[in-house]
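**Q** Below: one structure in structure tokens.
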Amino acid sequence: MPPTLTISDIHSLKRNEALEILAQISRVEKKTFPTNEAFGFGEELWRKKPNTRVLYATQPKEGGRSELIAYAVYVRQKGVALLHKVCVIEAYRRQGVGQQLMSYIQERLRKEGCQYIQLWVDKVREPARALYQRGGFKEQEEIPDYYAPGRTGIRMILDLDRDQ
1 MPPTLTISDI HSLKRNEALE ILAQISRVEK KTFPTNEAFG FGEELWRKKP NTRVLYATQP
61 KEGGRSELIA YAVYVRQKGV ALLHKVCVIE AYRRQGVGQQ LMSYIQERLR KEGCQYIQLW
121 VDKVREPARA LYQRGGFKEQ EEIPDYYAPG RTGIRMILDL DRDQ
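Here you go:
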């Protein structure tokens, strides 16, 4: 059974709360991705980027606190969203967390009138590709050396209108 998640948007938080979540995300990001692919999770994401959304998933812990277990970043431009980052903390992978987060994102964007979600994924990241395919994404093109020499990028698209 998947963990019980609470999915939130950092833009719904006060500044200090948002900065604490961004700091937690930043620590996970640095552990999970190569330095050249690590995303900068600074205050500007909370304050100045109206089309950028940072979502995070938490799970209740003992003592009433909650624990960060996943996050995602996307940018909306009219009817298209570019999903920049989806990350599930390693200890929670293969438990349905990514699927819950992706379903939440799809539903949220559909309600906001978005027609498509696009993303890029490294060809060798099979678990990520499988997650996106289960969510209805279709592989559209491959670009050799997209991430680095020898690392192919695959562009995937989800048509939110068609896949309801």
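Residue numbers (the UniProt record's numbering): 1 to 164. The C-beta atom is built at its ideal place from N, Cα and C for all residues, glycine as well.
1. Just the C-alpha distance for Pro60 and Gly136, rounded to the nearest angstrom, thanks.
2. Out of Glu126, Leu22, Arg93 and Asp159, point me to the one whose CA is closest to Glu43's CA.
3. For Leu19, name the three-state secondary structure that DSSP assigns.
4. Taking the beta strand (DSSP E) that Lys138 belongs to, which residues open and close that run?
5. Can you tell me where the alpha helix (DSSP H) with Gln115 in it begins and where it stops?
6. Beta carbon of Ala57, beta carbon of Val28: below 8 angstroms?
7. Can you tell me whether Gln133 is buried or exposed, with buried defined as 16 or more other CB within 10 angstroms of its CB?
8. Is Ala38 helix, strand or coil when you go by DSSP?
**A** Let me lay it out:
1. 29 angstroms
2. Leu22
3. helix
4. Lys138 to Ala148
5. Where Gln115 is concerned, there is no enclosing alpha helix (DSSP H), given that its DSSP letter is neither H nor E.
6. no
7. exposed
8. coil
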